[in-house]
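Trainee: Chains as they are written, first to last, in the working numbering: chain V, 997 to 1198; chain Y, 997 to 1198.
By construction, the Cβ of each residue, glycine as well, lies at the ideal position given by its N, Cα and C atoms.
Quick one: structure below, then a few questions.
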């Protein structure tokens, strides 16, 4: 199929949709034509939801998770155990650990993993804020719940080194999770067992 | 993964994205988090492209194809052969036929196919306008380029009956084996019709 669309508006929509990961021009065209067949209200709701998300969402000042407020619901919840901090790569990590139903502590969202290949260094992540948070006291255990990949291991090792002097207990997920897998796609049962069998690192 | 998102904005975006065909909640979440990681400008461009498409795009008053103007570029092009009208189901049909590079006539976009199962009758499609267009004169041939399915055949048959009295030449796409197909895997119906419609080679 060539790329001469009958409408510039359609062409622009297809171009923008196909910038999303995993969506090619053919799928983008299918989605655009689908929206044209539906009520205009659906497109308005979709576009407004995207704009609100991008412009209004903020990050929790404590754990840096995506949040609607300055302090996220988990950090603001007095029934959560503030002495335990689970370090995750991103929002998906929080959702994955929450889905196990086994964790009652707080989180710390790094915003990525150390990856020299992609030009991501420790300074690009929320590691300094983690050290500050732990250094301020009140935290007994830091659980590293990072993907069991080269980047995850590197990041975990770096963090454990940085936190060594604080004397805090540092644990990491048990290697029940298969090496090379993405945490986002690990099933709850596996992740739950890995969380329960976490191993002391220092 | 359960459905307790850390942000209502994120939850709403995921809900709206996952209304698109073929996109589940997990993919929707991945897309939403992707947009959050990108520059805000990308989300703005995407949302605005969708809003412009839905609110500003119109349909050509002659062929009913999606268009930015009252008359689409194909209908407005004086070098196209106005005596030939190719009837297609939707915009994708126009794009597919255009992609062959072999067609210089005009189009007529039905906006669907007759499908009693889905409650789509002839009155829901641009069939009356096709009859009017052909009845007004100047059209020598109507090519039915509809999907070779039950709905496509039904719609084509209905149109050919409606146009019978105008005396216009009505043709339909040749049925036969697909180029590049293995004969071993061609279904009986297709092979049967290809055999019946065999073409003299010398």
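Over the uninterrupted beta strand (DSSP E) stretch that includes residue 1166(Y), give me the two end residues.
Mentor: Counting along the chain, the beta strand (DSSP E) containing residue 1166(Y) begins and ends at 1165 to 1168.
Trainee: Using DSSP with H/G/I as helix, E/B as strand and the rest coil, what is residue 1213(Y)?
Mentor: The structure shown does not extend to residue 1213(Y), since chain Y is modelled only from 997 through 1198, so no value can be given for it.
Trainee: Along the chain, where does the beta strand (DSSP E) that runs through residue 1090(V) open and close?
Mentor: That residue, residue 1090(V), is in no beta strand (DSSP E); its alpha helix (DSSP H) goes 1087 to 1096.
Trainee: Name, in chain order, the residues that DSSP records as bridge partners for residue 1188(Y).
Mentor: Beta-bridge pairing links residue 1188(Y) to no other residue.
Trainee: Could you pull the start and end residues of the beta strand (DSSP E) that residue 1102(Y) belongs to?
Mentor: Its beta strand (DSSP E) spans residues 1101 to 1105.
Trainee: Relative to the C-alpha of residue 1039(Y), which candidate in 1132(V), 1164(V), 1045(V), 1038(V) has its C-alpha closest?
Mentor: That would be 1045(V), whose Cα lies nearest to the Cα of residue 1039(Y).
Trainee: Could you tell me the boundaries of the alpha helix (DSSP H) in which residue 1010(V) lies?
Mentor: 1004 to 1013 is the span of the alpha helix (DSSP H), which, as asked, contains residue 1010(V).
Trainee: Taking 8 Å as the threshold (C-beta atoms), are residue 1135(Y) and residue 1081(Y) in contact?
Mentor: Yes; because the gap between Cβ atoms is below 8 Å, this pair is in contact.
Trainee: Counting only Cβ pairs nearer than 8 Å, list the residues of chain V close to residue 1048(Y).
Mentor: Those are 1005, 1008, 1009, listed as they occur along chain V.
Trainee: Given that residue 1093(V) touches chain Y, what residues does it touch there, using C-beta distances under 8 Å?
Mentor: Chain Y residues near residue 1093(V): none, gap ~10 Å exceeds 8 Å.
Trainee: Consult DSSP for residue 1145(V) and reduce its assignment to one of helix, strand or coil.
Mentor: Note: residue 1145(V) maps to coil in three-state DSSP.
Trainee: What residue range is occupied by the uninterrupted alpha helix (DSSP H) comprising residue 1039(Y)?
Mentor: Segment 1036 to 1052, the alpha helix (DSSP H) holding residue 1039(Y).
Trainee: Per DSSP, which residues does residue 1022(Y) bridge with? Please list them.
Mentor: Beta-bridge pairing links residue 1022(Y) to no other residue.
Trainee: Count the other CB atoms within 10 Å of the CB of residue 1012(Y); is the residue buried (16 or more) or exposed (fewer)?
Mentor: Buried, by the Cβ-count rule.
Trainee: Any Cβ of chain Y within less than 8 Å of the Cβ of residue 1068(V)?
Mentor: Yes, contact with chain Y.
Trainee: Is it true that the CB of residue 1147(V) sits closer than 8 Å to the CB of residue 1164(V)?
Mentor: Cβ atoms of residue 1164(V) and residue 1147(V): not closer than 8 Å.
Trainee: What residue from 1107(Y), 1065(Y), 1023(Y), 1014(Y) has the CA that sits closest to residue 1018(V)'s CA?
Mentor: Answer by Cα proximity: 1023(Y).
Trainee: In chain B, what lies closer than 7 Å to residue 1161(Y) by C-beta?
Mentor: Checking the listed chains, one finds no chain B in this structure; the protein chains it contains are V and Y.
Trainee: Considering only their Cβ atoms, is the gap separating residue 1002(Y) from residue 1087(V) smaller than 8 Å?
Mentor: Their beta carbons are under 8 Å apart, which means residue 1087(V) touches residue 1002(Y) by this criterion.
Trainee: Could you give the distance in angstroms between the alpha-carbon of residue 1050(Y) and the alpha-carbon of residue 1020(Y)?
Mentor: Spanning the two alpha carbons is a distance of roughly 23 Å.
Trainee: Which whole-angstrom value describes the C-beta separation of residue 1120(V) and residue 1101(V), a residue pair presumed to lie in contact below a C-beta threshold of 8 Å?
Mentor: Not really, about 25 Å apart at Cβ, beyond 8 Å.
Trainee: Determine the DSSP secondary structure at residue 1078(V), reduced to helix, strand or coil.
Mentor: Three-state DSSP puts residue 1078(V) in a strand.
Trainee: Let me confirm a value: residue 1143(V) is counted as buried when at least 16 other C-beta atoms fall within 10 Å, else exposed. Which label applies?
Mentor: By the 10 Å Cβ count, residue 1143(V) comes out buried.
Trainee: With 8 Å as the C-beta to C-beta threshold (strictly closer), list the residues of the region 1161 to 1186 of chain Y near chain V in chain order.
Mentor: Flagged: no residues at all.
Trainee: Any C-beta of chain Y within less than 9 Å: which residues of the region 1015 to 1039 of chain V qualify?
Mentor: Taking 9 Å as the Cβ-Cβ cut-off against chain Y, the residues of the region 1015 to 1039 of chain V that qualify are 1015, 1016, 1017, 1018, 1019, 1023, 1025, 1026, 1027, 1028, 1029, 1030, 1031, 1032, 1033, 1034, 1036, 1038, 1039.
Trainee: Any beta-carbon of chain V closer than 8 Å to the one on residue 1074(Y)?
Mentor: Residue 1074(Y) does not count as touching chain V.
Trainee: Can you give the Cα-Cα distance for residue 1098(Y) and residue 1167(Y), rounded to whole angstroms?
Mentor: Going by the C-alpha atoms only, they are around 16 Å apart.
Trainee: Measure the CB-CB distance between residue 1053(V) and residue 1032(Y) and report whether it falls below 8 Å.
Mentor: Yes; because the gap between Cβ atoms is below 8 Å, this pair is in contact.
Trainee: So, are the CB atoms of residue 1000(Y) and residue 1094(V) less than 8 Å apart?
Mentor: Going by C-beta atoms, residue 1000(Y) is nearer than 8 Å to residue 1094(V).
Trainee: Comparing alpha-carbon positions, which option in 1180(V), 1129(V), 1091(V), 1196(V) lies nearest residue 1139(V)?
Mentor: Considering only alpha carbons, the answer is 1196(V).
Trainee: Excluding the 5 residues flanking residue 1060(Y) on each side, which residues of the same chain have their C-beta closer than 6 Å to its C-beta?
Mentor: Only 1105, 1122 meet the Cβ criterion.
Trainee: Can you tell me whether residue 1174(Y) is helix, strand or coil according to DSSP?
Mentor: Of the three classes helix, strand and coil, the one that applies to residue 1174(Y) here is coil, per DSSP.
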